[in-house]
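K.L.:
Sequence order for the protein chains is A and B.
Heads up: the first sequence begins at 1 in full-length UniProt numbering, then just goes up one per residue.
Heads up: the second sequence begins at 1 in full-length UniProt numbering, then just goes up one per residue.
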Amino acid sequence: MSRIETIISELSSISNNPRKAMEDYKKETGKGSVGVMPYYAPEEIIHAAGFLPVGIWGGQKSISKARAYLPPFACSIMQSVMEMQLEGVYDDLEAVLFPVPCDTLKCLSQKWKGTSPVIVFTHPQNRKLEAANKFLAEEYRLVREKLETILNVKITDEALNQSIETYNENRKVMREFTDLAANYPQIIDPKKRHAIIKARFFMEKSKHTAMVKELNSELKSLPVEAFTGKKVVLTGIMAEPNEVLDILKDNGFAVVADDLAQESRLFRNDVPSGTDPLYRLAKWWQEFDGCSLATDAKKSRGPMMMDMVKGSKADAVVVCMMKFCDPEEFDYPIYYRQFEEAGIKSLFIEIDLETTSFEQTKTRVQSFSEML
Amino acid sequence: MTDTTAMSAKELLGFYQEELYEEARQAKKEGKLVCWSASVAPSEFCVAMDVAMIYPETHAAGIGARKGALDVLEVADEKGYNVDTCSYARVNLGYMELLKQEALTGITPEKLEKSPAARIPLPDFVITCNNICNTLLKWYENLAVELNIPCIIIDVPFNHTMPIPQYAKDYIAEQFKEAITQLEEICGKKFDYDKFLKVQEQTQRSVAQWNRIAALSSHKPSPLNGFDLFNYMALIVCARSKDYAEITFKKFADELEENLNKGIFAFKGNEQKRVTWEGIAVWPHLGHTFKGLKNLGNIMTGSAYPGLWNVSYTPGDMSSMAEAYTRIYINTCLDNKVKVLSDVISGGKCDGVIYHQNRSCKLMSFLNVETADILQKENGLPYVSFDGDQTDPRNFSPAQFDTRIQALDEMMKQNKEGVSNE
Ligand code: SF4
Ligand code: SF4
Numbered sequence: 001m002s003r004i005e006t007i008i009s010e011l012s013s014i015s016n017n018p019r020k021a022m023e024d025y026k027k028e029t030g031k032g033s034v035g036v037m038p039y040y041a042p043e044e045i046i047h048a049a050g051f052l053p054v055g056i057w058g059g060q061k062s063i064s065k066a067r068a069y070l071p072p073f074a075c076s077i078m079q080s081v082m083e084m085q086l087e088g089v090y091d092d093l094e095a096v097l098f099p100v101p102c103d104t105l106k107c108l109s110q111k112w113k114g115t116s117p118v119i120v121f122t123h124p125q126n127r128k129l130e131a132a133n134k135f136l137a138e139e140y141r142l143v144r145e146k147l148e149t150i151l152n153v154k155i156t157d158e159a160l161n162q163s164i165e166t167y168n169e170n171r172k173v174m175r176e177f178t179d180l181a182a183n184y185p186q187i188i189d190p191k192k193r194h195a196i197i198k199a200r201f202f203m204e205k206s207k208h209t210a211m212v213k214e215l216n217s218e219l220k221s222l223p224v225e226a227f228t229g230k231k232v233v234l235t236g237i238m239a240e241p242n243e244v245l246d247i248l249k250d251n252g253f254a255v256v257a258d259d260l261a262q263e264s265r266l267f268r269n270d271v272p273s274g275t276d277p278l279y280r281l282a283k284w285w286q287e288f289d290g291c292s293l294a295t296d297a298k299k300s301r302g303p304m305m306m307d308m309v310k311g312s313k314a315d316a317v318v319v320c321m322m323k324f325c326d327p328e329e330f331d332y333p334i335y336y337r338q339f340e341e342a343g344i345k346s347l348f349i350e351i352d353l354e355t356t357s358f359e360q361t362k363t364r365v366q367s368f369s370e371m372l
Numbered sequence: 001m002t003d004t005t006a007m008s009a010k011e012l013l014g015f016y017q018e019e020l021y022e023e024a025r026q027a028k029k030e031g032k033l034v035c036w037s038a039s040v041a042p043s044e045f046c047v048a049m050d051v052a053m054i055y056p057e058t059h060a061a062g063i064g065a066r067k068g069a070l071d072v073l074e075v076a077d078e079k080g081y082n083v084d085t086c087s088y089a090r091v092n093l094g095y096m097e098l099l100k101q102e103a104l105t106g107i108t109p110e111k112l113e114k115s116p117a118a119r120i121p122l123p124d125f126v127i128t129c130n131n132i133c134n135t136l137l138k139w140y141e142n143l144a145v146e147l148n149i150p151c152i153i154i155d156v157p158f159n160h161t162m163p164i165p166q167y168a169k170d171y172i173a174e175q176f177k178e179a180i181t182q183l184e185e186i187c188g189k190k191f192d193y194d195k196f197l198k199v200q201e202q203t204q205r206s207v208a209q210w211n212r213i214a215a216l217s218s219h220k221p222s223p224l225n226g227f228d229l230f231n232y233m234a235l236i237v238c239a240r241s242k243d244y245a246e247i248t249f250k251k252f253a254d255e256l257e258e259n260l261n262k263g264i265f266a267f268k269g270n271e272q273k274r275v276t277w278e279g280i281a282v283w284p285h286l287g288h289t290f291k292g293l294k295n296l297g298n299i300m301t302g303s304a305y306p307g308l309w310n311v312s313y314t315p316g317d318m319s320s321m322a323e324a325y326t327r328i329y330i331n332t333c334l335d336n337k338v339k340v341l342s343d344v345i346s347g348g349k350c351d352g353v354i355y356h357q358n359r360s361c362k363l364m365s366f367l368n369v370e371t372a373d374i375l376q377k378e379n380g381l382p383y384v385s386f387d388g389d390q391t392d393p394r395n396f397s398p399a400q401f402d403t404r405i406q407a408l409d410e411m412m413k414q415n416k417e418g419v420s421n422e
């Protein structure tokens with residue numbers, strides 16, 4: 001196995017087995033893990049406490065127990081998260097950090113069915129005001145306080161600033177990776193690309209950084225080969241399960257950039273510099289744009305995606321629409337119109353974590369590839 | 001000016017609703033500003049600046065109640081709005097699209113021509129507030145971008161921990177200042193703080209009369225059917241910062257008190273059981289839901305929904321105003337939500353609860369299971385839930401509704417008999 005293959009296979013196995021990652025972390029450090037619900041929670045605070053932040057993104061699953069607690073029109077990811085709560089999957093977490101940027105999450109934050117304590121906080125939505133930074137820094141101060149109590153550790157400003165640097169380094173390396181991956185689609189196929197990114201959710205960040213850094217430099221040493229397939233940008237909450245990515249691959253698509261809440265949206269901006277770490281983390285949210293969960297009366301998401309398409313020389317955008325996700329559904333008609341006006345082609349596919357039949361997606365992707 | 005002194009409350013309600021739409025149309029004609037507003041966004045700022053206001057949720061409810069929703073929902077559908085999103089938003093965004101087409105081409109689209117609802121002018125700017133849902137943020141973003149107009153946002157963060165902390169109130173009060181600055185720019189004139197204080201005081205008088213009506217359902221038998229509140233709600237939404245609301249509500253409360261004194265009650269015949277309705281009305285099937293309950297001898301005497309507009313605060317005190325607009329029960333933690341609903345149920349001396357699982361409204365549906373469970377443990381009252389939607393007529397099944405309320409009726413009967421046999 002080449003070094004590249006080894007790194008990819010290690011990261012893939014971590015992204016497929018979060019439980020083992022948690023156990024390994026415990027063995028190594030003696031410390032446990034804290035769950036992080038989507039979206040945009042300040043993981044750095046958990047990292048600074050010496051605990052492992054673990055991303056909670058549900059999983060491919062048939063829904064049965066959750067039916068009693070959620071109507072069928074709740075989004076697919078939260079159906080699966082609810083199902084896993086009821087199965088006790090998350091009960092080894094010391095705590096769960098729970099942001100509430102959509103109506104579904106507001107409700108879900110009040111009905112955690114597992115045993116771990118839940119720490120809820122609210123992102124401000126009038127984001128460009130200085131008052132919003134102050135409000136969020138205060139929310140984060142309370143998050144820190146609660147974590148300190150639950151985990152029985154002191155989280156100093158110094159440790160927190162240090163963790164922010166660790167995370168910023170990871171963000172930088174990830175941006176570099178996604179750029180590189182666009183040049184080597186023969187090596188980094190859609191599924192591998194996703195696994196490399198997803199592993200971030202289950203690893204101490206500096207470890208992840210080191211591996212991706214090495215991967216980047218290995219990639220850079222290889223010649224860039226001509227790619228005969230089509231290049232696409234993904235947008236949405238997430239592009240799972242893996243079957244979806246395999247369908248893209250089988251039809252000759254390469255993912256050259258993404259605007260997914262689970263992927264690039266998390267690392268396209270660094271946490272800005274400053275002295276007060278909580279204020280810095282709050283300011284990240286102010287500077288962040290182009291996401292359905294970060295209110296923006298100018299709706300810069302469409303133009304941002306069009307820049308992304310241009311910058312990555314993509315042939316089209318694939319809209320990965322999470323089933324029953326209303327924030328994303330509201331953005332769609334606007335950027336769709338903007339794409340049409342700019343002559344950018346897009347394909348709409350539905351993301352459903354419960355389904356096991358992908359015939360429809362297959363057909364859609366196939367005919368789209370013929371059309372391009 | 002029309003003489004309103006001799007009008008009944010019901011006449012006043014119709015009169016002022018029409019008057020508000022006419023004022024907005026007139027303002028547009030005269031080149032004055034029109035604003036579209038979320039239903040529980042603070043109205044005080046715009047009214048103090050003499051801006052004509054339109055409330056899309058109320059307008060959409062009107063379209064729904066007059067059976068005109070499907071036509072405009074289709075327009076939203078064509079624009080790419082998923083049928084899973086809030087139907088108020090879809091009705092309004094579809095309607096906006098028709099108005100926009102008309103403005104661009106000079107030709108009135110057929111669907112607009114045919115629409116049974118009041119004609120409204122396009123807005124010059126919009127104001128939104130997420131105290132009832134974040135959907136209102138997404139919806140208004142889209143209005144602002146589609147029409148290329150300013151959007152004033154009042155963000156009231158979800159109160160995951162009660163009581164509401166001062167730093168949250170400070171953040172909201174800061175946004176009030178920002179809204180004033182934005183308004184000064186949009187209107188091209190200085191903000192009138194004296195008038196603003198008067199508008200705040202007016203709002204408090206309207207709210208006081210509104211609360212007076214709501215309190216009357218605690219009488220047993222009740223002079224008020226909660227369904228009436230659904231109708232009168234149009235004015236607490238659209239005119240709470242004007243005397244229209246105060247005048248109408250005072251009249252209605254007076255009428256109801258007079259009825260009470262004379263022994264005239266809302267339920268003709270004998271009210272047998274009293275229910276709480278949790279959630280929004282099913283506008284396209286309002287008659288069906290009303291009659292269904294009535295035929296079983298049930299009257300609705302509890303609903304937390306009208307309480308959303310109980311925005312009482314101290315005029316002149318921005319922090320107190322901030323608190324009033326953020327403490328709305330669906331913007332608070334489950335404990336508080338349950339507490340508010342529990343008071344509504346006991347205040348209305350209710351025998352059971354009906355939960356509207358609203359396909360349009362995730363926020364008002366996803367905690368119903370937990371809410372119902374906690375409340376039942378607390379008060380032992382039976383409950384049912386039914387599937388519905390406040391404006392998309394396709395998401396409601398009359399047969400299911402009937403079966404569920406019959407079941408509730410049975411349980412309430414048994415409960416009552418059980419009690420009287422003890
Ligand atoms: S953003 Fe969408 S997918 Fe995520 S929790 Fe909210 S509704 Fe569900
Ligand atoms: S029905 Fe629900 S989602 Fe729609 S505007 Fe009202 S509160 Fe928001």
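Cβ atoms here follow ideal geometry from the backbone N, Cα and C, with glycine treated the same way.
Fair warning: this is a prediction, and the values are worked out from it, not measured in the lab.
Against Q357 (chain B), what residues of chain A qualify as contacts under a CB-to-CB distance less than 7 Å, listed in chain order?
P.N.:
Taking the first residue of the second sequence as position 1, residue 357 (chain B) is located at position 357. Those within 7 Å of Q357 (chain B) in chain A are P71.
K.L.:
Excluding the 5 residues preceding and the 5 following C291 (chain A) in the sequence, name in chain order all residues of the same chain whose CB lies nearer than 6 Å to its CB.
P.N.:
Locating residue 291 (chain A) in the first sequence gives position 291, where the first residue counts as 1. Excluding residues within five positions, the ones whose Cβ falls inside 6 Å are R265.
K.L.:
With burial defined as no fewer than 16 other Cβ atoms inside 10 Å of the residue's Cβ, what is the status of E422 (chain B): buried or exposed?
P.N.:
Within the second sequence, numbered from 1, the residue matching residue 422 (chain B) stands at position 422. Any answer about E422 (chain B) is weak, because its pLDDT of 45 lies below 50 and its placement is not dependable; what the coordinates show is given next. So E422 (chain B) ends up on the exposed side.
K.L.:
Against chain A, does W139 (chain B) count as a neighbour if the rule is that its beta carbon must be under 8 Å from one of theirs?
P.N.:
Position 139 of the second sequence, counting from 1, holds the residue named residue 139 (chain B). Output row for W139 (chain B): interface = yes.
K.L.:
Look at the alpha carbon of L104 (chain B) and the alpha carbon of K111 (chain B), and state the distance between them as a whole number of angstroms.
P.N.:
Residue 104 (chain B) sits at position 104 when you count from the first residue of the second sequence. Residue 111 (chain B) sits at position 111 when you count from the first residue of the second sequence. Taking the straight line joining both Cα atoms gives about 16 Å.
K.L.:
Alpha carbon to alpha carbon, what distance is there between K362 (chain A) and G347 (chain B)?
P.N.:
Sequence index remark: in the second sequence, residue 347 (chain B) carries index 347 (1-based). Sequence index remark: in the first sequence, residue 362 (chain A) carries index 362 (1-based). Spanning the two alpha carbons is a distance of roughly 56 Å.
K.L.:
With burial defined as no fewer than 16 other Cβ atoms inside 10 Å of the residue's Cβ, what is the status of D352 (chain A): buried or exposed?
P.N.:
Mapped onto the first sequence, residue 352 (chain A) falls at position 352. Its Cβ being crowded by 16 or more others within 10 Å, D352 (chain A) is buried.
K.L.:
Would you mind reading off the limits of the beta strand (DSSP E) that contains N358 (chain B)?
P.N.:
Locating residue 358 (chain B) in the second sequence gives position 358, counting from the first residue. Where N358 (chain B) is concerned, the enclosing beta strand (DSSP E) stretches over G352 to N358.
K.L.:
What's the gap between the Cα of L12 (chain B) and the Cα of D124 (chain B)?
P.N.:
What you label residue 12 (chain B) is simply residue 12 of the second sequence in a count that begins at 1. What you label residue 124 (chain B) is simply residue 124 of the second sequence in a count that begins at 1. Straight-line Cα distance between these residues: approximately 28 Å.
K.L.:
Return the residue from the list B:Y329, B:P382, B:K377 and B:E255 that minimises the CA-CA distance to N355 (chain B).
P.N.:
Counting from 1 along the second sequence, the entry for residue 355 (chain B) is found at position 355. Inspection of the sequence shows that residue 355 (chain B) is occupied by Tyr rather than by Asn. Checking every option, the nearest Cα to that of Y355 (chain B) belongs to B:P382.
K.L.:
Say whether chain B places a C-beta atom closer than 8 Å to the C-beta of V100 (chain A).
P.N.:
For the purposes of this step, residue 100 (chain A) is taken as residue 100 along the first sequence, with counting starting at 1. Closer than 8 Å to some Cβ of chain B, the Cβ of V100 (chain A) qualifies, so yes.
K.L.:
Taking only heavy atoms of ligand 1 into account, decide whether any of them is closer than 7 Å to the Cβ of T355 (chain A).
P.N.:
By one-based count along the first sequence, residue 355 (chain A) stands at place 355. Outside the cutoff, so no.
K.L.:
If we ignore side chains and look at the alpha-carbon of each, how far apart do T355 (chain A) and E328 (chain A) end up?
P.N.:
Here residue 355 (chain A) refers to the residue found at position 355 when the first sequence is read from its first residue. Here residue 328 (chain A) refers to the residue found at position 328 when the first sequence is read from its first residue. Their Cα atoms are separated by approximately 20 Å.
K.L.:
Run the CB neighbour count on E28 (chain A), radius 10 Å, all protein chains shown included, and call it buried at 16 or more, exposed below.
P.N.:
Taking the first sequence and counting its residues from 1, the one referred to as residue 28 (chain A) is at position 28. E28 (chain A) is exposed by the Cβ-count criterion.
K.L.:
Beta carbon of M321 (chain A): closer than 7 Å to some heavy atom of ligand 1?
P.N.:
Residue 321 (chain A) sits at position 321 when you count from the first residue of the first sequence. No, Cβ of M321 (chain A) sits at least 7 Å from all heavy atoms of ligand 1.
K.L.:
Along the beta strand (DSSP E) that carries residue 428 (chain B), what are the first and last residues, could you check?
P.N.:
Nothing about residue 428 (chain B) can be read from this structure; chain B reaches only from 1 to 422.
K.L.:
Taking 8 Å as the cut-off, decide whether the C-beta atoms of M84 (chain A) and G50 (chain A) are in contact.
P.N.:
Taking the first residue of the first sequence as 1, we reach residue 84 (chain A) at position 84. Taking the first residue of the first sequence as 1, we reach residue 50 (chain A) at position 50. No. Outside cutoff.
K.L.:
What does M321 (chain A) pair with, by DSSP beta-bridge criteria?
P.N.:
Residue mapping note: residue 321 (chain A) aligns to position 321 of the first sequence, counting from 1. Note: M321 (chain A) sits in a beta bridge opposite A:E350.
K.L.:
Quick one: using the 10 Å Cβ neighbour count with 16 as the cut-off for buried, is K20 (chain A) buried or exposed?
P.N.:
As a working note, residue 20 (chain A) is residue 20 in the first sequence. By the 10 Å Cβ count, K20 (chain A) comes out exposed.
K.L.:
Which residues in the same chain have their Cβ closer than 7 Å to the Cβ of Y279 (chain A), if we skip the five residues on either side of it in sequence?
P.N.:
In the first sequence, counting from the first residue as 1, residue 279 (chain A) sits at position 279. Result list for Y279 (chain A): N133 and A137, in chain order.
K.L.:
Are the Cβ atoms of A239 (chain B) and L20 (chain B) separated by less than 8 Å?
P.N.:
As a position in the second sequence, residue 239 (chain B) is number 239, starting the count at 1. As a position in the second sequence, residue 20 (chain B) is number 20, starting the count at 1. Yes. Within cutoff.
K.L.:
Could you name each continuous alpha helix (DSSP H) segment of 4 residues or more that falls completely within the region 27-95 of chain B, going from the start of the chain to the end?
P.N.:
Here the runs fully enclosed are 44-48, 56-65 and 69-78.
K.L.:
Sorry if obvious, but does the Cβ on L105 (chain A) come closer than 7 Å to a heavy atom of ligand 1?
P.N.:
Translated into positions along the first sequence, residue 105 (chain A) becomes position 105. At least one heavy atom of ligand 1 is nearer than 7 Å to the Cβ of L105 (chain A), so yes.
K.L.:
Can you give the beta carbon distance from I7 (chain A) to L215 (chain A), rounded, assuming they're within the 8 Å contact cut?
P.N.:
One-based indexing of the first sequence puts residue 7 (chain A) at position 7. One-based indexing of the first sequence puts residue 215 (chain A) at position 215. That belief holds up - the Cβ atoms of I7 (chain A) and L215 (chain A) are roughly 5 Å apart, short of 8 Å.
K.L.:
Between I405 (chain B) and L293 (chain B), what straight-line distance do the alpha-carbon atoms span, to the nearest angstrom?
P.N.:
Walking along the second sequence from the start, residue 405 (chain B) turns up at place 405. Walking along the second sequence from the start, residue 293 (chain B) turns up at place 293. Cα to Cα, I405 (chain B) sits roughly 7 Å from L293 (chain B).
K.L.:
I want to verify the contact list: residues of chain A whose CB lies under 8 Å from the CB of E370 (chain B), in sequence order.
P.N.:
Against the second sequence, residue 370 (chain B) aligns to sequence position 370. Under the 8 Å cutoff, chain A gives Y69, Q110 and K111.
K.L.:
What did DSSP end up calling C238 (chain B) once you bin it into helix, strand or coil?
P.N.:
Within the second sequence, residue 238 (chain B) is the residue found at index 238, counting from 1. Residue state, collapsed to three classes: helix.
K.L.:
For G388 (chain B), which beta-bridge partners are listed by DSSP?
P.N.:
The count along the second sequence starts at 1 and reaches residue 388 (chain B) at position 388. Partner(s): B:N358.
K.L.:
How would you label P99 (chain A), buried or exposed, when you count the other beta carbons within 10 angstroms and need 16 or more for buried?
P.N.:
Walking along the first sequence from the start, residue 99 (chain A) turns up at place 99. Buried is the call here.
K.L.:
Which residues in chain E have a C-beta closer than 8 Å to the C-beta of D155 (chain B)? List them in chain order.
P.N.:
Looking for chain E here will not work: the only protein chains present are A and B.
K.L.:
I need the boundaries of the beta strand (DSSP E) containing K231 (chain A), first residue and last residue.
P.N.:
As a position in the first sequence, residue 231 (chain A) is number 231, starting the count at 1. Looking at the DSSP string, the run of the beta strand (DSSP E) that includes K231 (chain A) is K230 to G236.
K.L.:
Using a Cβ-Cβ cutoff of 7 Å, what residues of the region 205-223 of chain B are near chain A? List them in chain order.
P.N.:
Cβ contacts with chain A come from no residue of the region 205-223 of chain B.
K.L.:
Can you name the residues that DSSP bridges to D258 (chain A)?
P.N.:
Your numbering for residue 258 (chain A) matches position 258 in the first sequence. Beta-bridge pairing links D258 (chain A) to A:L234.
K.L.:
For the candidate residues B:A245, B:L256, B:L197 and B:T248, whose alpha-carbon lies nearest to that of G226 (chain B)?
P.N.:
For this step, residue 226 (chain B) is matched to residue 226 along the second sequence. Closest by alpha carbon: B:L256.
K.L.:
Please compile the residues from chain B whose C-beta is within a distance smaller than 7 Å of the C-beta of I334 (chain A).
P.N.:
For the purposes of this step, residue 334 (chain A) is taken as the residue at position 334 of the first sequence. Near I334 (chain A) (Cβ distances below 7 Å), the residues of chain B are N142 and V145.
K.L.:
I'd like the span of the beta strand (DSSP E) that includes L245 (chain A), first residue to last.
P.N.:
Counting from one through the first sequence, the residue named residue 245 (chain A) turns up at place 245. It is not in any beta strand (DSSP E) - L245 (chain A) instead sits in the alpha helix (DSSP H) that spans N242 to D250.
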